[in-house]
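Down below is the structure, laid out as structure tokens.
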DNA sequence: AATCAGCTTGAAACCGGTTTCAAAATAATT
DNA sequence: AATTATTTTGAAACCGGTTTCAAGCTGATT
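Protein chains in written order, with UniProt numbering: chain A, 1 to 332; chain B, 1 to 332.
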């Protein structure tokens, strides 16, 4: 790999001059510019962004830390982050923390060390708060309430999501909708639960729920438990879209039809939901916007230092497909 | 963030001594060791791995570049890489190249700049060969034939995979199995195709295939085309597990039952296949082993410089579930 | 007591870039 | 033509670490 010194030697100038040509940080004699450009061409020199960042404090890298790279919802957000990042000349690095505080700390350390321009994280464990506090980088959090510790929070309106999915089931005629409740340590889990309970109370419906993880390997057990505890359930609010595959499997084994015998509403709005059979009615989070906005906040932070938009709650939308059907017969 | 100089000052020694204490690279007076340790504790100093790597040429980072972070098969491999890496004190960085040569080049550049210890890549485009040639890092390729350009190739036995899936369909009584053929620029796509064609010829069966992408959003169109061109098809060899969701959807819309009217064999062996309804018969790639071995090769390369195991073809295995059934009735 | 070997140590050079600073070259002014 | 203002330039310092190298110290040997 050619280095700046090689280019300088070949062009017969100092490396300071080469640096100035590359960065346009000062005027350089036209003749020398030409020689430097040629030397860069010949040697195939590409400046080492990381070495450069030692001084500049910016490597044009955005870190994205997720609890699991098997979570398709978070990965779809990642795609959006990457797109927005790349359009602005940034790169995205995806890190799998595995809900392991040591890994989370290690990756935050690493991103800090490489002078990343910011971190987007779904911070599961509260015990990395110290790590985050010590981290001088802008941090956007995707799954917590706003706090002075973070630069910004980007989330969709989970309370609304809890509400509209429940309301929809009730409108469709369900009298015993059961919530697969996400972990209450996440604000998303808490807010959705609140929305669900509020709607139930407003309609004089008994709130029913069982606890579930977001990870897909918990789905089968959960669904079985759900059906045993609430055999009269006529609707399920799934913890997320992915889990619905497990739900289908269990229901099918027990001969219960969807939506005739029991209705289902998913959550997230990942592509997978549309491919399911029957296609999944679900609460669509604005995945693209969550990702792009998160990336934008970090990029703006670097370039303008504008500290606005601390808390961003984006609207969700109900997408009615085939797993719910109004008794009145208005199928979407 | 505390730096080595802060620690040195607090302990009343030079930063060289601090470095020696941290790395154990030379003997240091016990009294001073103690003072340094205390100073590290007090300041919370963590050495900057990246700055360190400028000199050491190793940052204990492994890069994993995939064409899409929405590909669950590659992500499951990523999980295995990460596990193996972390167990050995390495970190894994996941990069999404989007099949875009510019992004691929950018990420290879970045990993080189940060002195990563190696790159694991599913290299789609041949046009980044130059980038790879110029890259001084060990490179493990997951989806190409072996070549002197790469440190090693890790793949499963795609030819066998093509064979056993076809043989299984024939054993189950299929007379018109159709292959959804993966892109022929990938060795996996080519090898599976070869296996399929060979088995067909051995049994006097007419090979039938349509071309497909690995990405899931092509599945619906592909399946429709398949059924139109080969309405008499009684078996489908899916391009991968994920696509089977689309296949189910199309078949169900046309009232064709699985496996009674048409059988399906998937490919990859991702967790998703077991959650499908009906559960998917598929060719299991040794996902865990592919990932761990790839990581090991890079780690060994760093620590021992042993350049063995250039080409690694791992065995595949047929997992019979519910989408295939022998006419004789031996359901697994 | 003087010499020598062996250990411990900090100053300085290094990794690959960027930027400051002061000198050198050029342009403008009188 | 001489002086001054302006621009262009390279040497050196810097980013945060590691390592070399030679000096300082210790203890052993004669």
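Just so it is clear, CB atoms sit at the ideal spot from N, CA and C, and this is done for glycine as well. Note that the structure is predicted; figures quoted are calculated from it, not measured.
Task: residue 384 of chain A (DSSP reduced to helix, strand or coil) - done: No answer is possible for residue 384 of chain A: it lies beyond the span of chain A, which begins at 1 and ends at 332.
- [ ] May I ask you to report which of helix, strand or coil DSSP gives residue 291 of chain A?
- [x] helix
- [ ] May I ask you to report which of helix, strand or coil DSSP gives residue 282 of chain A?
- [x] strand
TODO: Would you mind listing the alpha helix (DSSP H) stretches within the segment 155 to 210 of chain A that are 4+ residues and don't spill past its ends, in chain order?
DONE: 158 to 171 and 187 to 202
Open item on the list: Could you check whether the segment 104 to 124 of chain A touches the segment 41 to 49 of chain B, counting it as contact only if at least three pairs of C-beta atoms, one from each stretch, sit closer than 8 Å?
Closed with: yes
Task: Cβ-based neighbour list, residue 147 of chain B, same chain, cut-off 7 Å, excluding 5 preceding and 5 following - done: Exclusion of the five residues before and after residue 147 of chain B leaves no residue of its chain whose Cβ lies closer than 7 Å to its Cβ.
Open item on the list: Taking 9 Å as the threshold (C-beta atoms), are residue 157 of chain A and residue 272 of chain A in contact?
Closed with: no
Task: Interface flag, residue 109 of chain A vs chain B, CB-CB below 9 Å - done: yes
Task: 6 Å Cβ shell around residue 53 of chain B - same chain, five flanking residues per side excluded - done: 59 and 115
Open item on the list: Counting only C-beta atoms, is residue 238 of chain A closer than 9 Å to chain B at any point?
Closed with: no
Open item on the list: Give me the chain A residues within the contact set of residue 96 of chain B, using Cβ-Cβ distance strictly less than 8 Å, ordered along the chain.
Closed with: 78, 79, 82, 92 and 94
Task: Contact check, residue 75 of chain B vs residue 69 of chain A, beta carbons under 9 Å - done: Taking the C-beta atoms as reference points, residue 69 of chain A is found nearer than 9 Å to residue 75 of chain B.
Task: Contact check, residue 241 of chain B vs residue 282 of chain B, beta carbons under 9 Å - done: Yes. Within cutoff.
TODO: Quick one: list the residues of chain B neighbouring residue 46 of chain A, beta-carbon separation under 8 Å, in chain order.
DONE: 109
TODO: Residues of the UniProt domain "HTH cro/C1-type" (6 to 50) of chain B with a CB closer than 8 Å to any CB of chain A: list them in chain order, please.
DONE: Hits within the stretch, in order: 44, 46, 48, 49 and 50.
Task: Cα-Cα separation, residue 34 of chain B to residue 291 of chain A - done: 47 Å
Open item on the list: For residue 330 of chain B and residue 209 of chain B, I'd like the C-alpha separation in whole angstroms.
Closed with: Model confidence at residue 330 of chain B stands at a pLDDT of 43, short of 50, so the residue's coordinates are unreliable; what they give is reported in the following sentence. For residue 330 of chain B and residue 209 of chain B, the distance between alpha carbons rounds to 28 Å.
Open item on the list: I'd like to know whether the C-beta of residue 86 of chain A is nearer than 9 Å to at least one C-beta of chain B.
Closed with: Proximity of residue 86 of chain A to chain B, defined by a Cβ-Cβ separation below 9 Å, is satisfied.
Open item on the list: Can you check whether the C-beta of residue 331 of chain A is within less than 9 Å of a C-beta belonging to chain B?
Closed with: Interpretation of residue 331 of chain A is limited by its pLDDT of 42, a score under 50 that renders its predicted location unreliable; no figure is taken from the coordinates.
Open item on the list: Would you say residue 255 of chain A lies against chain B (beta-carbon separation less than 9 Å)?
Closed with: No, its Cβ sits nowhere closer than 9 Å to a Cβ of chain B.
Task: Where residue 271 of chain A meets chain B, residues with beta-carbon distance less than 9 Å - done: 70, 216 and 217
Open item on the list: So, does the segment 314 to 326 of chain A touch the segment 168 to 179 of chain A, judging by three or more C-beta pairs under 8 Å?
Closed with: Contact holds: three or more Cβ-Cβ distances are below 8 Å.
Open item on the list: Given a cut-off of 9 Å on the beta-carbon distance, is the pair residue 302 of chain B and residue 138 of chain B in contact?
Closed with: Yes, they are a contact pair.
Open item on the list: I'd like to know if residue 248 of chain B contacts chain A, where contact means its C-beta is closer than 9 Å to some C-beta of that chain.
Closed with: Contact of residue 248 of chain B with chain A is assigned, a C-beta pair being separated by under 9 Å.
TODO: Taking only beta carbons into account, state which residues of the segment 126 to 145 of chain A come closer than 8 Å to chain B, listed in chain order.
DONE: 134 and 136
TODO: Report the neighbours of residue 54 of chain A on chain B: residues whose CB is nearer than 7 Å to its CB, in chain order.
DONE: 51
TODO: Could you tell me whether the Cβ atoms of residue 222 of chain A and residue 276 of chain A are closer together than 9 Å?
DONE: no
TODO: Counting only the same chain and skipping the five closest in sequence on each side, list residues whose C-beta sits under 8 Å from that of residue 168 of chain A.
DONE: Cβ within range, chain order: 265, 281, 318, 320 and 324.
Task: Top-ranked residue by Cα proximity to residue 140 of chain A, from A:151, A:279 and A:134 - done: A:151
Task: beta strand (DSSP E) segment containing residue 311 of chain B, residue limits - done: For residue 311 of chain B, the enclosing beta strand (DSSP E) stretches over residues 311 to 314.
- [ ] Express the C-alpha separation of residue 66 of chain B and residue 18 of chain A in angstroms, rounding to a whole number.
- [x] Here the alpha carbons of residue 66 of chain B and residue 18 of chain A stand approximately 34 Å from one another.
TODO: Whole angstroms is fine: what's the gap from residue 190 of chain B's alpha carbon to residue 8 of chain A's?
DONE: 47 Å
TODO: Could you pull out every residue in the same chain whose Cβ sits closer than 6 Å to the Cβ of residue 153 of chain A, ignoring the five residues on either side in sequence?
DONE: Within the same chain, residue 153 of chain A has close Cβ partners 141, 146 and 311.
- [ ] Sort A:198, A:304 and A:245 by Cα distance to residue 279 of chain A and report the nearest one.
- [x] A:245
Task: Paired residues, beta bridge with residue 95 of chain B - DSSP - done: DSSP lists B:65 as partners of residue 95 of chain B.
TODO: Compare the beta carbon distance of residue 108 of chain A and residue 120 of chain A with 9 Å and say whether it is the shorter of the two.
DONE: no
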